[in-house]
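Engineer: In order, the protein sequences belong to chains W and R. If you want my numbering, it's the position in the first sequence, counting the first as 1, plus 4. If you want my numbering, it's the position in the second sequence, counting the first as 1, plus 120.
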Amino acid sequence: MTAGVASSRRFGAVGASSGAALVAALLAWLVGYPLLITLLAAVQVDGSFSLSAVSEFGRRADEWMALWRSIWTSIASVVLAAAVGVPLAFLFERADFPGRRLLGALVALPVALPPLVGVIAFLFLYGESGFVARLLQAMGFGVRWRLQGAGAILLVHAYSMYVYFYLFTRAALARIDGAYHEAATALGCTPIRRLARVTLPLLRPALAGAALLTFMTALASFSAPYIFGGGFRVMTTQIVASKLNGDLALAHVETIALAALALAALVAMRWVDTAAPGGATGLRGAVLRRRRPSAAWRWLLAVVCTAAAGVLMLPHLTLLLLSFVPPDTWTTQALPPVLDLGNYTILFAEPERLRPLVNSLWMAGVATALAVALGLLAARFSLRAGGRLGRLLEGLVALPWAIPGTVFAIALAATFSVSRPWLGRFLWIGTPWILPLAYLVRSLPVTGRAALAGLRQLDPSLEEAAAALGAPPRRRLTAVVVPLLRPALVAGAALAFLTAAGDFVTSIVLYTYSTRPISIEVLSSLRLQQIGLAATYGVLLMALSAAVFLVWGRRDAV
Amino acid sequence: MLKIRDLHLAYGAVEVLRGIDLDVERGETVALLGPSGSGKTTLLRVLMGFEQGSGIVELRGKRLDGVPPHRRGIGLVFQNYALFPHLDVRGNVLFGPRSLGWDASRCEERLGEMLELVGLTGYERRRIGELSGGQQQRVALARALATEPDLLLLDEPLSNLDPELRERTRQQLADALRAVETTCLLVTHEQDEAFELGDRVAVLSAGRLEQVDVPERLYRTPATAFVASFIGRSSVLDAWPTERRGGELRVRPLRADAEASWPVLAPTERSGSPIEVVGPPGGEAPLRMWVRPEDWDVEVRGGERRHDAAADGSGGEQWLSGTVADVRFAGALSYLEIVVEEARIEVALLQGRVDPDALQRGCAVRLRPRSGALPVVFPDRGPSG
Ligand SMILES: Nc1ncnc2c1ncn2[C@@H]1O[C@H](COP(=O)(O)OP(=O)(O)OP(=O)(O)O)[C@@H](O)[C@H]1O
Ligand SMILES: [Mg+2]
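1. Would you mind reading off the limits of the beta strand (DSSP E) that contains R/Gly139?
2. Is it true that the CB of W/Ile243 sits closer than 8 Å to the CB of W/Ile414?
3. Please say whether R/Val150 and R/Gly352 have beta carbons closer to each other than 8 Å?
4. Enumerated in chain order, which unbroken segments of the alpha helix (DSSP H) with a length of 4 residues or greater are wholly contained in the stretch 147-215 of chain R?
5. For W/Ala10, does the three-state DSSP call read helix, strand or coil?
6. Assess contact between the stretch 390-408 of chain W and the stretch 464-479 of chain W, defined as three or more Cβ pairs (one per stretch) separated by less than 8 Å. Is contact present?
7. Do you know how far the Cα of W/Met143 is from the Cα of W/Thr568?
8. Classify R/Gln255 as helix, strand or coil using the three-state DSSP reduction.
9. Of all Cβ atoms in chain R, is any one closer than 8 Å to the Cβ of W/Leu2?
10. Measure the beta-carbon distance from R/Ser454 to R/Gln471 and round it to whole angstroms, keeping in mind my assumption that it falls under 8 Å.
11. Going along the chain, which unbroken runs of the alpha helix (DSSP H) with 4 or more residues stay wholly within the stretch 381-406 of chain W?
12. Would you say the beta carbon of W/Tyr166 comes nearer than 7 Å to a heavy atom of ligand 1?
13. What residues from chain W crowd round R/Leu220, counting only those whose CB sits closer than 8 Å?
14. Let me make sure I understand the geometry here. Which of R/Arg375, R/Ala386, R/Ala452 has the alpha-carbon closest to that of R/Ser441?
15. What residues in its chain sit with their C-beta under 6 Å from that of W/Val167, if we drop five residues either side in the sequence?
16. Answer with buried or exposed for R/Arg473, where buried requires no fewer than 16 other C-beta atoms within 10 angstroms of its C-beta.
17. Within 10 angstroms of its Cβ, does W/Tyr541 collect 16 or more other Cβ (buried), or is it exposed?
18. How big is the Cα-Cα spacing for R/Glu461 and R/Glu363?
19. When the Cα atoms are used, what is the spatial distance from R/Pro400 to R/Gly159?
20. So is the beta-carbon of R/Asp275 under 7 Å away from any non-hydrogen atom of ligand 2?
21. Evaluate R/Val485 with the Cβ neighbour count: other Cβ atoms within 10 Å of its Cβ, from every protein chain shown; 16 or more gives buried, anything less gives exposed.
22. State the start and end residues of the unbroken alpha helix (DSSP H) segment that holds R/Ala450.
23. Can you find a CB in chain R that lies within less than 8 Å of the CB of W/Pro487?
24. With a threshold of 8 Å between beta carbons, is R/Ile140 in contact with chain W?
25. With 16 as the cutoff for other CB atoms within 10 Å, does W/Ser549 come out buried or exposed?
26. Rounded to whole angstroms, what is the Cα-Cα separation between R/Ile458 and R/Ile465?
27. Use the C-beta contact count for R/Tyr131: other C-beta atoms within 10 angstroms, 16 or more gives buried, fewer gives exposed.
28. Tell me whether R/Lys123, by its Cβ, gets closer than 7 Å to a heavy atom of ligand 2.
29. At a cut-off of 7 Å, is R/Ser158 close to ligand 1 when judged by its beta-carbon and the heavy atoms of the ligand?
30. Using the three-state DSSP reduction, which class does R/Cys304 fall into: helix, strand or coil?
31. Tell me the DSSP secondary structure of W/Met143 in three-state form.
32. Given that W/Val484 touches chain R, what residues does it touch there, using C-beta distances under 7 Å?
33. Show which residues of chain W have a CB atom less than 7 Å away from the CB atom of R/Thr267.
34. Going by DSSP, which residues form a beta bridge with R/Leu129?
35. Are the beta-carbon atoms of R/Ala111 and R/Leu281 separated by less than 8 Å?
36. Near R/Thr303, which residues of its chain fall below 8 Å by C-beta distance, leaving aside the five closest residues on each side in sequence?
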């Protein structure tokens with residue numbers, strides 16, 4: 005008897021590798037290919053190999069300066085965001101006081117706001133003719149300042165990115181086993197020693213995660229440097245400036261430099277993170293009992309936290325207020341003299357005003373739908389094929405997360421500005437399709453990761469059960485997998501939609517007048533001193549964020 | 121109905137199925153019994169088409185190679201039921217019929233039949249999360265039967281239930297399977313379950329089928345040492361073959377120079393080389409003998425009868441002498457643990473067969489296999505037989 009040993013191929017793996025290869029090819033064309041084209045364009049002049057742009061980049065001091073500024077402002081952003089976010093997290097997680105829940109949720113709100121909205125809100129509040137300046141003037145203080153340069157950028161970064169530290173730290177604190185604390189206390193640890201020796205080491209993974217996220221976000225940040233930078237150029241604004249000046253070759257070199265910087269930072273952070281001994285991931289246990297200070301303390305805490313939350317919410321409240329200020333009514337007064345719904349009426353009554361809103365919604369909608377479908381496909385094939393192909397798929401989906409939006413904008417512009425269909429290049433620049441495409445690429449990590457997480461939690465026997473009941477592959481997908489994945493997919497889609505609808509960084513490179521999105525209209529309103537209109541667009545984006553938050557909240561409740 | 125020949129499967133270098141041959145007749149239920157990790161689930165998965173093995177699998181005379189799971193016409197009840205949590209009872213039961221494109225009226229009719237079969241009429245709109253474990257099990261059965269599969273596979277259908285519920289559900293399952301007359305292959309690692317639900321029982325060990333037979337024969341005439349150990353309880357004793365008379369083999373128990381020599385059932389097929397009868401001297405015992413607890417004759421030894429056993433007329437000392445080490449009362453039976461030399465022997469006595477006052481711990485007894493009950497022997501080849 006010969007033992008004809010068959011190596012098993014699991015259910016679903018059959019045919020998965022060809023499907024996976026197909027999806028991988030599509031993703032490579034969408035995500036990897038444009039970067040490759042940009043790389044090639046950086047070392048070419050008029051179609052032949054040349055390092056002239058690269059050497060120019062190397063020679064120019066302002067390029068190195070921009071690179072350096074990108075690095076140090078990102079590091080400073082991490083430090084500042086941590087300085088705000090971590091103490092807030094301890095306060096809201098460890099102490100008990102009236103209004104803790106509501107304030108704790110409010111403090112996390114800025115996370116879902118498009119960056120440009122935060123930036124203009126800051127401008128209207130703390131800018132040289134902003135709310136605060138006017139108030140001070142009205143009170144007789146003659147101080148004047150300019151909200152510009154590195155300080156302004158860092159202020160906005162700290163303000164919008166502390167939320168990462170806040171959320172990560174709170175989640176980790178909630179997980180840390182109270183027993184650790186009790187054990188440490190029983191062993192005679194002083195509170196300070198306990199913090200240094202027990203709590204912080206256990207928080208390490210969360211802090212590292214928040215630091216990485218903040219660093220990458222700051223490095224890719226465009227709105228703040230663009231609005232507040234002035235002469236202070238970082239890589240993202242440098243790239244867009246070169247592009248607007250028509251110096252394409254240099255823009256391509258800069259783009260590659262920024263992409264390399266981002267990837268290097270990612271690798272370095274991963275290395276630092278894995279080199280140190282692991283922390284408290286996955287710890288679960290009794291939730292640490294919240295300290296319940298005396299009544300006086302609790303009320304003091306409540307007041308302090310309300311004030312903190314108020315300060316953090318102030319920019320958005322300003323935006324809301326300004327959206328009710330009709331054009332040309334607020335000149336030198338401390339407070340706006342007239343408030344009405346005029347801006348909203350204008351916005352919805354004038355087709356040209358409404359257009360950006362409609363544009364943003366349909367483009368974000370199309371991009372989100374495609375991103376969800378592609379993310380789901382990629383996640384499914386990644387898990388089914390497994391092995392190297394599976395990891396490649398996962399990597400391709402995640403890549404746009406690591407690469408700054410400016411880089412992708414330039415790369416897509418480079419790739420889709422010529423028509424060479426046999427090389428996979430189409431003339432899409434100047435058509436309505438380029439922005440949805442850009443949004444799609446940028447949304448892939450969000451939807452792909454959501455689908456991947458959902459699929460990993462899905463019991464594989466459910467799909468097998470469907471197969472055993474005679475359901476062909478398509479019915480298994482539509483009648484079992486998608487309905488069960490719906491919460492994860494909806495959450496991913498909501499976030500993707502929000503990001504796309506508020507996108508500024510890729511839009512400014514790729515938009516055309518007829519397909520201009522909200523962010524571009526905000527910018528031109530600003531230029532035309534139509535503050536109220538700009539604020540109104542901002543408020544609409546905020547409303548969208550709030551809606552998304554509701555979806556998220558619902559998902560958590562399930 | 122189902123025919124399996126020389127089925128092999130390996131996960132990488134690990135061979136999980138090592139040449140399975142099995143036939144299941146139409147309308148028959150075969151219980152697949154084996155210890156954990158023996159490959160029971162894997163065999164079902166291969167039949168289902170979830171894993172690809174090598175060898176022949178035929179259903180109703182058609183080879184299943186390359187037929188995808190959803191076209192095999194095989195139903196499966198998962199160990200964890202795998203009910204769709206986003207659908208209600210009705211949605212679950214009708215999932216199969218709808219997949220096959222049955223029209224609405226046929227679906228409704230089938231739903232009614234299935235729910236009546238498993239006693240869940242009126243539960244159509246219940247969510248899966250709102251059902252008890254036993255009800256979920258019944259929904260899983262109804263769902264698998266709804267498409268009228270040619271073959272129904274059940275993977276430990278009762279193992280997720282607590283013992284008390286298991287008993288009751290087992291009865292309902294047996295009734296339901298009998299009612300629909302479906303051909304079934306049912307995996308379990310509980311002997312009681314296999315014996316009650318299976319027309320025949322297939323014993324699987326380390327990827328090989330050791331024996332496929334009706335429960336009675338598995339118990340009485342196990343084909344391998346594994347089956348002898350795995351099915352029921354036995355005391356296992358060293359044995360030396362003394363003589364072969366016709367089909368009958370006699371062995372000396374415990375010691376090569378023992379006076380007793382008992383008739384045993386010699387292994388037939390599978391065991392390889394015929395058993396050689398060797399002389400008294402010799403170190404390791406060449407055979408091992410399995411004796412069921414209820415197959416012993418036990419007598420209390422009176423002082424004067426200590427060395428005199430000729431009275432039983434068998435011509436020679438056929439008894440072993442031992443001491444009662446433990447007595448356990450268990451309702452219809454009492455279990456004795458008797459120490460004979462180094463060996464510990466378990467004996468089950470029907471209540472009333474022996475005076476309870478006479479059989480006490482520390483009491484001297486003698487014992488031998490009941491006449492008519494032939495112990496089985498297999499060559500001693502280590503624990504795996
Ligand atoms: N996907 C897999 N990859 C590698 N080995 C596997 C895989 N699935 C099962 N095995 C191995 O195959 C052997 C048989 O597994 P199987 O699940 O068929 O056992 P079983 O008889 O059903 O056991 P149980 O009674 O515990 O369910 C086990 O040793 C198991 O470790
Ligand atoms: Mg199993």
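The beta carbon of each residue, even a glycine, is placed where N, CA and C say it ideally should be. In this text the structure is predicted, and so the values were computed from the model without any measurement.
Structural biologist: Based on what the coordinates show:
1. Counting along the chain, the beta strand (DSSP E) containing R/Gly139 begins and ends at 134-144.
2. Contact annotation: W/Ile414 and W/Ile243 have beta-carbon atoms nearer than 8 Å.
3. The beta carbons of R/Gly352 and R/Val150 sit no closer together than 8 Å.
4. If one requires a minimum length of 4 residues, the alpha helix (DSSP H) runs lying completely within the stretch 147-215 of chain R are 160-168, 209-213, in chain order.
5. A caution first: W/Ala10 carries a pLDDT of 42, below 50, which makes its placement in the model too unreliable to give a value.
6. The stretch 390-408 of chain W makes no contact with the stretch 464-479 of chain W: fewer than 3 CB pairs, one atom from each, lie closer than 8 Å.
7. Examination of residue 568 of chain W is not possible in this model, given that chain W is present from 5 through 562 alone.
8. In the structure shown, R/Gln255 falls within a helical segment according to DSSP collapsed to helix, strand and coil.
9. Look at the range of chain W in this structure, 5 to 562, and you will see that residue 2 of chain W is not part of it.
10. Rounded, the Cβ-Cβ distance is 6 Å, consistent with contact.
11. Within the stretch 381-406 of chain W, the complete alpha helix (DSSP H) runs of at least 4 residues are 391-406.
12. Not so, every heavy atom of ligand 1 lies at least 7 Å from the Cβ.
13. Within chain W, the residues near R/Leu220 are Gly474.
14. Ranking R/Arg375, R/Ala386, R/Ala452 by Cα distance to R/Ser441 puts R/Arg375 first.
15. Excluding sequence neighbours, W/Val167 sits near Ala112, Pro114, Val115.
16. R/Arg473 is classed as exposed because its beta carbon has fewer than 16 other beta carbons within 10 Å across all chains shown.
17. Label assigned to W/Tyr541: buried.
18. Cα to Cα, R/Glu461 sits roughly 24 Å from R/Glu363.
19. Note on R/Pro400: pLDDT 48, under 50, position unreliable in the model; the coordinate value appears next. The alpha-carbon atoms of R/Pro400 and R/Gly159 are separated by roughly 42 Å.
20. Yes, ligand 2 has a heavy atom inside 7 Å of this Cβ.
21. Buried is the label assigned to R/Val485, since at least 16 other Cβ atoms lie within 10 Å of its Cβ.
22. Segment 440-450 is the beta strand (DSSP E) holding R/Ala450; no alpha helix (DSSP H) there.
23. Yes, its Cβ sits closer than 8 Å to a Cβ of chain R.
24. So no, R/Ile140 is outside the interface.
25. Answer is buried; the Cβ neighbour count reaches 16.
26. So the alpha carbons of these two residues sit roughly 5 Å apart.
27. Exposed.
28. It does not: the Cβ of R/Lys123 is nowhere closer than 7 Å to a heavy atom of ligand 2.
29. In terms of side-chain proximity, the C-beta atom of R/Ser158 is found nearer than 7 Å to a non-hydrogen atom of ligand 1.
30. Looking at R/Cys304 - three-state DSSP - the assignment turns out to be strand.
31. The three-state secondary structure of W/Met143, taken from DSSP, is coil.
32. Correct list: Phe204.
33. Near R/Thr267 (Cβ distances below 7 Å), the residues of chain W are Leu473, Gly474.
34. In the DSSP assignment, R/Leu129 is bridged to R/Leu137.
35. Outside the shown range of chain R (121 to 505) lies residue 111 of chain R, about which nothing can therefore be said.
36. Closer than 8 Å at Cβ, skipping near neighbours: Met121, Leu122, Val144, Glu145, Arg146, Gly147, Glu148, Thr149, Asp270, Leu271, Leu272.
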